[in-house]
Amino acid sequence: MVFHDGSVLFQQDHAKRKNPRCCLGQGSASTRLGGSVTLPCLSAESGVVIWVWYKQVPGQQLQPVVSSFYTDVKHGEGIEERRKAQFTVDKSDTSFNLTINKVEASDEGLYHCGIFWFSQFYFGDGVFLYINDSATVQVQQHYLLDPASEGHNVTLNCTVVSGGCAGEHSVYWFRHGTPGSHPGIIYAHGDRSAGCEKNPEAGSSTQSCVYHLPKRNLSTTDAGTYYCAAAACGQITIGNGTKLEISSKKFCVHNADMLVYTVAALGFITIITIMVVVVLLWRKCCHTGKETFLVS
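Under the working numbering, read the sequence shown as residues 170 to 465, first letter to last.
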């Protein structure tokens with residue numbers, strides 16, 4: 170087959186020849202991650218026996234993608250078994266179109282189509298496949314309005330909105346506690362099937378998944394900022410975090426007792442002050458009355 174010595178085809182002078190009637194097609198093509206794209210290869214010559222598709226990535230050797238010898242179609246050795254079904258060809262007497270399904274980021278590159286004609290290989294200018302990374306991942310976390318009480322329960326929520334890419338994603342929870350401490354993984358969600366809703370709009374691949382992190386019997390050591398991180402679409406996206414504050418019962422009781430003591434002390438001081446004022450006024454009143462009696 171052609172791929173057995175395909176690595177040296179482009180190094181031979183006769184393999185570099187260009188036939189103006191061979192391998193006509195567009196100069197570039199683009200698609201999004203997870204999408205499909207067809208790279209056309211047309212020849213004005215009919216009855217071509219051997220067709221080939223190669224992929225070229227800067228800094229790497231040519232990678233055989235697929236070839237055809239009469240009706241026998243073979244994938245290149247570099248194509249993973251799981252992906253062979255994603256690289257298909259539509260062959261006729263004058264065309265050998267390559268279709269890539271479920272496009273991945275690694276599929277980007279320059280694709281060369283060639284034919285073997287009268288003991289010579291001929292190649293076109295090639296078509297460059299651009300991958301539009303329209304995949305988006307958003308991690309939304311909600312704030313807690315009030316501090317949680319020690320001994321109570323609370324549930325932290327995280328919403329992951331993903332679109333434009335295929336495949337599963339994983340969600341992790343991190344906690345950053347006291348200043349100077351390092352965040353660490355405290356929980357991981359391995360399955361996103363539960364709590365996911367797909368955008369009802371036709372043709373949309375956007376999904377919204379909700380994850381929960383329950384915290385039971387809270388203590389002051391649970392305080393800190395909890396971050397939700399999603400690994401999807403070939404990237405890791407981290408939310409803004411949810412700050413969990415714990416109010417201590419002992420602290421509250423102590424403050425309440427102090428408030429009672431303070432109010433009682435203020436009340437006692439107020440009563441004493443009023444009594445002193447009354448006594449002073451009474452003594453002044455009596456003293457003034459005696460002086461008036463003596464003068465008369």
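Cβ atoms here follow ideal geometry from the backbone N, Cα and C, with glycine treated the same way. Only a predicted model underlies this, so the values are computations on that prediction, with no experimental measurement involved.
Quiz item: Under a Cβ-count criterion, where at least 16 other Cβ atoms within 10 Å of its own Cβ denotes burial, should L298 be classed as buried or exposed?
Solution: Residue mapping note: residue 298 aligns to position 129 of the sequence shown, counting from 1. It is buried - the Cβ of L298 has at least 16 other Cβ atoms within 10 Å.
Quiz prompt | Neighbourhood of Q309 by C-beta distance below 6 angstroms, restricted to the same chain and skipping five residues each side | solution = Reading the sequence shown from its first residue, position 140 is the one you call residue 309. Closer than 6 angstroms at Cβ, skipping near neighbours: T328.
Quiz prompt | Rounded straight-line distance, which links the Cα of H338 to that of C402 | solution = The residue labelled residue 402 in the question sits at position 233 within the sequence shown. The residue labelled residue 338 in the question sits at position 169 within the sequence shown. Rounded to whole angstroms, C402 to H338 spans 8 angstroms at the Cα level.
Quiz prompt | the region 235-245 in contact with the region 197-207 per 3-pair CB rule at 8 angstroms | solution = no
Quiz item: Quick one: is K453 buried, meaning 16 or more other Cβ sit within 10 Å of its Cβ, or exposed?
Solution: Here residue 453 corresponds to residue number 284 of the sequence shown, with the count starting at 1. It is exposed - the Cβ of K453 has fewer than 16 other Cβ atoms within 10 Å.
Self-check item: Integer-rounded CB distance, given that C378 should sit under 8 angstroms from C365
Solution: Along the sequence shown, one-based indexing puts residue 365 at 196. Along the sequence shown, one-based indexing puts residue 378 at 209. Between C365 and C378 a beta carbon distance of about 4 angstroms is seen, short of the 8 angstroms cut, so the two are scored as contacting.
Self-check item: Exposed unless 16 or more other CB atoms sit within 10 angstroms - verdict on C421
Solution: Mapped onto the sequence shown, residue 421 falls at position 252. Note that C421 scores a pLDDT of 46, beneath 50, so its modelled location is shaky; the value from the coordinates is reported in the next line. So C421 counts as exposed.
Quiz item: If you run the structure through DSSP and keep just helix, strand and coil, what is I443?
Solution: Within the sequence shown, numbered from 1, the residue matching residue 443 stands at position 274. If DSSP states are grouped into helix, strand and coil, I443 belongs with the helices.
Self-check item: A358 versus I407 - alpha carbon distance
Solution: Within the sequence shown, residue 358 is the residue found at index 189, counting from 1. Within the sequence shown, residue 407 is the residue found at index 238, counting from 1. One detail in the question is off: residue 358 reads as His in this sequence, not Ala. Spanning the two alpha carbons is a distance of roughly 14 angstroms.
Quiz prompt | Cβ distance (whole Å) where T394 is taken to contact T411 below 8 angstroms | solution = Locating residue 394 in the sequence shown gives position 225, where the first residue counts as 1. Locating residue 411 in the sequence shown gives position 242, where the first residue counts as 1. Between T411 and T394 the Cβ distance is about 7 angstroms, and since that is below 8 angstroms, they are a contact.
Exercise. Could you name the residues that DSSP lists as bridge partners for D241?
Key: Translated into the one-based positions of the sequence shown, residue 241 becomes position 72. Beta-bridge annotation (DSSP): D241 is paired with F238.
Quiz item: Using CA coordinates, which residue listed in V218, V258, S215 and E277 is at the minimum distance from K224?
Solution: On the sequence shown, residue 224 is found 55 positions in, with the first residue counted as 1. When only C-alpha atoms are compared, the closest one is E277.
Quiz item: Helix, strand or coil: which one does DSSP assign to D262?
Solution: Residue numbering aside, residue 262 sits at position 93 when the sequence shown is read from its first letter. DSSP places D262 in coil when its eight states are reduced to three.
Practice problem: Can you give me the Cβ contacts of D294 inside the same chain, cut-off strictly under 7 angstroms, excluding the 5 residues immediately before and after it? | Solution: Locating residue 294 in the sequence shown gives position 125, counting from the first residue. So the list reads G196, once near-sequence residues are dropped.
Quiz prompt | Rounded Cβ spacing between F265 and W220 (contact assumed at less than 8 angstroms) | solution = As a position in the sequence shown, residue 265 is number 96, starting the count at 1. As a position in the sequence shown, residue 220 is number 51, starting the count at 1. The pair is a contact, with the Cβ atoms about 4 angstroms apart (cut-off 8 angstroms).
Quiz item: So G196 is in the beta strand (DSSP E); what residue range does that whole segment cover?
Solution: The sequence position of residue 196 within the sequence shown is 27, counting from 1. The continuous stretches of beta strand (DSSP E) do not include G196, and DSSP gives it neither H nor E.
Exercise. Check the DSSP bridge columns for W451 and list the partner residues they point to.
Key: Residue numbering aside, residue 451 sits at position 282 when the sequence shown is read from its first letter. Partner(s): none; W451 has no beta bridge.
Practice problem: Determine which residues share a DSSP beta bridge with T325 and list them. | Solution: As a working mapping, residue 325 is identified with position 156 in the sequence shown. The residue you asked about is not Thr; residue 325 is Leu in the sequence shown. Answer is L382, bridged to L325.
Quiz item: How big is the Cα-Cα spacing for P209 and I269?
Solution: Within the sequence shown, the letter at position 40 stands for residue 209. Within the sequence shown, the letter at position 100 stands for residue 269. Near 11 angstroms, if we compare the C-alpha coordinates of I269 and P209.
Exercise. Label R344 either buried or exposed according to how many other C-beta atoms from any shown protein chain fall within 10 Å of its C-beta, with 16 as the threshold for buried.
Key: In the sequence shown, counting from the first residue as 1, residue 344 sits at position 175. Classification of R344: buried, given that the 10 Å Cβ count is 16 or more.
Practice problem: Kindly indicate the opening and closing residues of the beta strand (DSSP E) around H345. | Solution: The residue you call residue 345 lines up with position 176 of the sequence shown. H345 -> beta strand (DSSP E) spans S339 to H345.
Self-check item: Three-state secondary structure assigned by DSSP to I248
Solution: Taking the first residue of the sequence shown as 1, we reach residue 248 at position 79. Coil at I248, not helix or strand.
Quiz prompt | Cβ pair G320, S388 closer than 9 angstroms | solution = Along the sequence shown, one-based indexing puts residue 320 at 151. Along the sequence shown, one-based indexing puts residue 388 at 219. In contact: G320 and S388 (Cβ atoms closer than 9 angstroms).
Exercise. Please list, in chain order, all residues of the same chain as V206 whose beta carbon is under 8 angstroms from its beta carbon, the five residues on each side excluded.
Key: By one-based count along the sequence shown, residue 206 stands at place 37. Around V206: A198, S199, T200, T268, I269, V272 and L298.
Exercise. Kindly list the residues whose CB is nearer than 6 angstroms to the CB of V226, restricted to its own chain and excluding five residues on each side of it in sequence; keep chain order.
Key: By one-based count along the sequence shown, residue 226 stands at place 57. Excluding positions up to five away in sequence, the list reads G278.
Quiz item: V429 by DSSP, collapsed to three states: which one?
Solution: Here residue 429 refers to the residue found at position 260 when the sequence shown is read from its first residue. Residue state, collapsed to three classes: helix.
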